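In what follows, a structure is listed as structure tokens, so that the remarks can point back to it.
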Amino acid sequence: MPTPRGRSYSSTSTRGSASPGGITDLRKANENAISDLLHRLVPSATFPSIDCGHGKKKPKLCMGRTADSRENMGRWYTYCTACRRREWVSNQLHFPSLLESNEELNLLLSIRESLKPRRRRVDVSPSPALMPSHIKFIIWMENFAWATLVNVPRPSGGAFCLNDYKVILGEHEIERGNRVELYHSGSRTWAVLEWDRFVYPGTAEQLFFRIQGVTCMPDFSTLSLSD
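For the sequence shown, the residue numbers in my numbering are 1323 to 1549.
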């Protein structure tokens, strides 16, 4: 998982993520990584103090944790608990441009989505025994070529790194020297996935990858719509 550059989670650090505490730790680490990255991307500045009668408040940076606040990610604000009022003290950023220009932020936000608690259904609870034992890696290796299908064992700890499957991938001529991109269906974007950074697939039955530089994938639309 990309945190500030150079820091990553190894496969051994994520194998315990199936427990509630493990998932909580992953969420916290990912939120810290988003905060660190935004503080590096968004310049700090001196803002005019807003006094509502309850004392001056120190500006905070919006992390965009909810759908309503996503468009204000990277924007500075103050909040008064007594007034229950938020005041924006910096201009709104163009969020789509921010995503397009920074693949690390894009990947971190996708990880945030994958780690969100899922609402439990009262009528049917998915059992691990009923989940498919394998995940389909659908990989495009060349332009204008059909995808390669690789079946890999579903990780018992909930998260995996590409390193965990280097032997299987190597059998299909996909080596560590290859730069691999992962497709994020929520944002409909591709982002580079380092070999030692974790992916939390949840209940997904298939994931889409491509070798960096591949852009012409004749069967991508059909396969992705069926996901």
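Using N, Cα and C, we set each Cβ at its ideal position, and we do this for glycine too.
Bear in mind the structure is a predicted one, so any value in this text is a computation, not a measurement.
### Query
To which residues does DSSP link Thr1470 through a beta bridge?
Note: Thr1470 sits in a beta bridge opposite Ile1461.
### Message
Please tell me whether Leu1415 and Val1364 are closer than 9 Å, where the distance is taken between their beta carbons.
### Response
In contact: Leu1415 and Val1364 (Cβ atoms closer than 9 Å).
### Task
Would you please state the rounded distance, in angstroms, between the beta carbons of Leu1429 and Ala1526? I believe it to be under 8 Å.
With a Cβ gap of about 16 Å, Leu1429 and Ala1526 do not count as contacting.
### Message
Please classify Lys1379 as buried or exposed, where buried requires at least 16 other C-beta atoms within 10 Å of its C-beta.
### Response
A buried status is given to Lys1379, since no fewer than 16 other beta-carbon atoms sit within 10 Å of its beta-carbon.
### Given Thr1544 as reference, the closest of Ala1469, Asp1358, Arg1498 and Cys1483 once Cα atoms are compared
Ranking the options by Cα distance to Thr1544, first place goes to Ala1469.
### Query
Measuring CA to CA, which of Arg1532, Phe1520, Asn1354 and Gly1396 is closest to Leu1420?
With distances taken between CA atoms, Leu1420 lies nearest to Gly1396 out of Arg1532, Phe1520, Asn1354 and Gly1396.
### Query
From Trp1302 to Gly1492, what distance separates their C-alpha atoms?
For the chain, the structure presents residues 1323 to 1549; residue 1302 sits outside this window and is missing.
### Query
My guess is that Leu1427 and Leu1359 are in contact by the Cβ rule of under 8 Å, so how many angstroms apart are they, rounded?
Between Leu1427 and Leu1359 a beta carbon distance of about 6 Å is seen, short of the 8 Å cut, so the two are scored as contacting.
### Query
How big is the Cα-Cα spacing for Cys1384 and Thr1346?
Near 21 Å, if we compare the C-alpha coordinates of Thr1346 and Cys1384.
### Query
Can you tell me whether DSSP reads Phe1542 as helix, strand or coil?
Phe1542 falls in the helix class under three-state DSSP.
#### Entry: Local conformation of Gly1338 per DSSP, three classes
Note that Gly1338 scores a pLDDT of 39, beneath 50, so its modelled location is shaky and nothing firm can be said.
### Message
On the criterion of 16 or more Cβ atoms from any shown chain inside 10 Å, does His1376 qualify as buried, or is it exposed?
### Response
His1376 should be labelled exposed.
#### Entry: Coarse secondary structure for Thr1511, derived from DSSP in three states
Thr1511 sits in a strand when the DSSP states are folded into three classes.
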